[in-house]
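Visitor:
Residue numbers (the numbering used here): 258 to 434.
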C-alpha cells in the first residue's frame with residue numbers, strides 16, 4: 258500500500274517502523290488490519306526484546322520454523338538478524354539441515370528438535386523437553402513454545418497472503434528438504 262493511501266491509523270502504525278524509508282512488505286500488509294496488527298506487534302516485541310531466551314536461541318527457533326513452514330520471507334528477514342548477532346552463514350545454513358548437522362551443542366540441537374516437534378506434532382516430546390530442561394527453567398521453556406508458535410503463525414500468514422520478499426534479500430539455502 259503506497260504511503261499516499263495510508264489512513265491516519267495506518268500511519269500511526271507504520272511511521273515508527275519506516276524511519277523515513279520504505280516499510281517492509283510484512284508490516285505494510287498486516288497494517289491493513291490494525292485490530293490484529295497492534296497485539297501482534299506487542300507479541301513480537303516481547304519475543305524480540307523481553308523473552309528469557311538469548312538472541313542466538315531465539316534466532317535458531319525462528320529460522321528453523323520459517324524453514325519448516327517454507328516461509329522464505331521469514332527466513333530472509335531473520336538471516337539478517339542472525340548475522341547481526343554474530344551467527345555465521347554456515348551456522349545459519351545448518352539450521353536448515355537440522356539438529357543432526359555437525360557442530361550444534363546439545364542445547365542448540367534440542368532447540369531445533371523442539372521446533373521440529375512443535376511443527377510436526379504440535380507438542381514437544383518428553384525426551385526433548387528434558388534435554389531443554391537441563392539448561393532452561395519454566396520461563397525459558399514457555400518462551401521456546403511461544404516463540405515457535407508465534408513465528409509459525411507469522412510464517413503461515415506470510416505464505417497465505419503471498420507477501421513478497423523485498424529486493425536483494427537472502428534466499429533459502431540450497432539444502433534438501
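Note that beta-carbon positions come from the ideal geometry of N, C-alpha and C, so glycine has one too.
Which residues in the same chain have their Cβ closer than 6 Å to the Cβ of residue 420, if we skip the five residues on either side of it in sequence?
Guide: Hits under 6 Å: 282, 283, 286 and 330.
Visitor: What residues in its chain sit with their C-beta under 6 Å from that of residue 396, if we drop five residues either side in the sequence?
Guide: These residues qualify, in order along the chain: 309.
Visitor: Using the rule of at least 16 other Cβ atoms within 10 Å of the residue's Cβ for burial, across every protein chain shown, is residue 337 buried or exposed?
Guide: The residue in question, residue 337, is exposed, as its Cβ has fewer than 16 Cβ neighbours within 10 Å.
Visitor: Cα separation between residue 302 and residue 431?
Guide: Answer to the nearest angstrom: the Cα atoms are 31 Å apart.
Visitor: Ordered along the chain, which non-local residues of its own chain (more than five positions away) have a Cβ less than 7 Å from that of residue 263?
Guide: Taken in chain order, the residues that qualify are 271.
Visitor: Are three or more beta carbon pairs between the stretch 315-332 and the stretch 286-295 nearer than 8 Å?
Guide: Output reads no: the stretch 286-295 does not touch the stretch 315-332.
Visitor: Leaving aside the five residues before and after residue 288 along the sequence, list all residues of the same chain whose C-beta is less than 6 Å from its C-beta, in chain order.
Guide: If we look at residue 288 and ignore the five residues flanking it on each side, its Cβ neighbours are 267, 270, 271 and 294.
Visitor: Can you find the residues in the same chain that come closer than 7 Å, C-beta to C-beta, to residue 392, ignoring five residues on each side of it along the sequence?
Guide: For residue 392, where only same-chain residues beyond five positions count, the Cβ hits under 7 Å are 364.
Visitor: Ordered along the chain, which non-local residues of its own chain (more than five positions away) have a Cβ less than 7 Å from that of residue 411?
Guide: Answer for residue 411: 331, listed in chain order.
Visitor: Since residue 410 is in the alpha helix (DSSP H), which residue starts that stretch and which ends it?
Guide: Per DSSP, residue 410 belongs to the alpha helix (DSSP H) from 395-418.
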